[in-house]
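Numbering (the numbering used here), first residue to last: 936 to 1292.
Ideal placement from N, C-alpha and C gives every residue a C-beta, glycine not left out.
Just so it is clear, the structure is predicted and the values come from calculations on it, not from any experiment.
Structure record follows, encoded as structure tokens.
Structure (structure tokens):
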């Protein structure tokens, strides 16, 4: 297709090629040491990198599950008078990936993996190939995220270690584990290509872009850093095998997941004001009556310098920090009014009235 992008909601599996050189070993002024060639240095580095990433895979894979769904669909026919009647029954099977985020058996995945199967059959397959039923807990359509809970009695499960997606930098190495085309526990490596991507495929987006060549079946699988900590939930690709892939950042994903576990739905937080960009600054655009922003005296035109000690350069930066929290959390804003002395305010996040997206 020329001039047209084909979006596919999936999970991630990719390939990373990396190379590096290590500086030469320092020599002692008194003791002669054997010379080490640049080729030896590169080989040693490759072995170290291999061991690091293999250890990451060993650490994470027990937290990754296959999610299998079964949906029933009936073909609808009509008689000569146009009256509908059900025809053949069809079983639709689906498969994706997920990651255990709580030892009680809560699994975070992509909503499109289980959509339509909530009241029908959902099964998870653990890394040791144990098959267990799972039940739907809740979902958030704006971020394409959902939470399941494994029905396995009183046993505990190996939960992934949470990471901080805000600390990721472009160029950082990441790993994805999932089940593309039913190939369980497939490991892929790549880099963070960019942060804060908006691709117009979901109502709310703040994607991490990676260079992994992803395939179907990895939807909902984890993206982890070199310490094996969760930094994203793999979500979509720009065509198959292109090496352009996207993940929901873990800070947002975990905020949504915690809300779903607590209440079954995600309550989007806000401060009672919107933001705008104006000549390189981020300002309060408007303040709504009887909201946290109004109660602390914020005004339209106030410049936002930081939120929770994180510098604000774009309106998306302020939204990201707010959305990485849940209703009831307290955040701190540092602002400046009409060129005066910066001042700080503490606000307790409230639920957005209605749906923000």
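Starting from residue i, trace the alpha helix (DSSP H) in both directions and tell me its first and last residue.
i, result
"residue 1258", "1250–1258"
How far does the beta strand (DSSP E) with residue i in it reach, from first residue to last?
i, result
"residue 1069", "1066–1075"
"residue 1247", "Unbroken run through residue 1247: none, as it is neither H nor E."
"residue 1057", "1056–1060"
"residue 1136", "No beta strand (DSSP E) holds residue 1136; DSSP gives it neither H nor E."
On the DSSP bridge assignment, give the partners of residue i in chain order.
i, result
"residue 1265", "1283"
"residue 1033", "1000 and 1044"
"residue 1200", "Note: residue 1200 sits in no beta bridge, so no partner."
"residue 1028", "1005"
"residue 890", "The question about residue 890 has no answer, for the chain in this structure spans 936 to 1292."
"residue 1126", "1108"
"residue 1117", "Note: residue 1117 sits in no beta bridge, so no partner."
"residue 1144", "1129 and 1181"
"residue 992", "Paired residues: none, contrary to the question."
"residue 1159", "1110 and 1165"
"residue 1095", "Answer is none; residue 1095 lacks a bridge partner."
"residue 1089", "1087"
"residue 1081", "1044 and 1074"
With residue i and residue j assumed to form a contact (beta carbons below 8 Å), what rounded beta-carbon distance in angstroms separates them?
i, j, result
"residue 1002", "residue 1036", "That belief does not hold up - the Cβ atoms of residue 1002 and residue 1036 are roughly 14 Å apart, past 8 Å."
"residue 1062", "residue 1121", "With 8 Å as the limit, residue 1062 and residue 1121 do not qualify as a contact, their Cβ atoms being about 12 Å apart."
"residue 1235", "residue 1217", "That belief does not hold up - the Cβ atoms of residue 1235 and residue 1217 are roughly 13 Å apart, past 8 Å."
"residue 1163", "residue 991", "4 Å"
"residue 1141", "residue 975", "In fact, because the Cβ distance is near 43 Å, the residues do not count as touching under 8 Å."
"residue 1196", "residue 1034", "So it is not a contact: roughly 14 Å between Cβ atoms."
"residue 1032", "residue 1095", "No, residue 1032 and residue 1095 are not in contact; Cβ-Cβ is about 12 Å, not under 8 Å."
"residue 1206", "residue 1227", "5 Å"
"residue 927", "residue 1287", "Limits of the chain in this structure are 936 at one end and 1292 at the other, which puts residue 927 out of reach."
"residue 1086", "residue 1068", "5 Å"
"residue 1070", "residue 1005", "That belief does not hold up - the Cβ atoms of residue 1070 and residue 1005 are roughly 14 Å apart, past 8 Å."
"residue 1238", "residue 1271", "5 Å"
"residue 1209", "residue 1202", "No, residue 1209 and residue 1202 are not in contact; Cβ-Cβ is about 18 Å, not under 8 Å."
"residue 1158", "residue 1169", "6 Å"
"residue 1030", "residue 1174", "Rounded, the Cβ-Cβ distance is 20 Å, inconsistent with contact."
"residue 1000", "residue 1082", "In fact, because the Cβ distance is near 13 Å, the residues do not count as touching under 8 Å."
"residue 1212", "residue 1249", "6 Å"
"residue 1161", "residue 987", "6 Å"
"residue 1007", "residue 1026", "6 Å"
"residue 1129", "residue 1105", "6 Å"
Using a threshold of 7 Å, is the CB atom of residue i nearer than that to any non-hydrogen atom of the ligand NAD?
i, result
"residue 1212", "The model on display carries no ligand, and the ligand NAD is accordingly not part of it."
Inter-stretch contact (C-beta, 8 Å, three-pair minimum) for the region 1073–1091 and the region 1106–1116: no
Three CB pairs or more closer than 8 Å across the region 1185–1199 and the region 1031–1043: yes
Any 3 or more C-beta pairs closer than 8 Å across the region 1118–1135 and the region 1145–1153: yes
Could you tell me whether the region 1172–1187 touches the region 1068–1085, where touching means 3 or more Cβ pairs closer than 8 Å? yes
Continuous beta strand (DSSP E) assignments of at least 3 residues falling wholly in the region 1188–1238: 1208–1213 and 1216–1222
If you pair each beta-carbon of the region 1242–1255 with each one of the region 1273–1283, do three or more pairs fall below 8 Å? no
Counting pairs of Cβ atoms below 8 Å between the region 1097–1106 and the region 978–986, do you hit three or more? no
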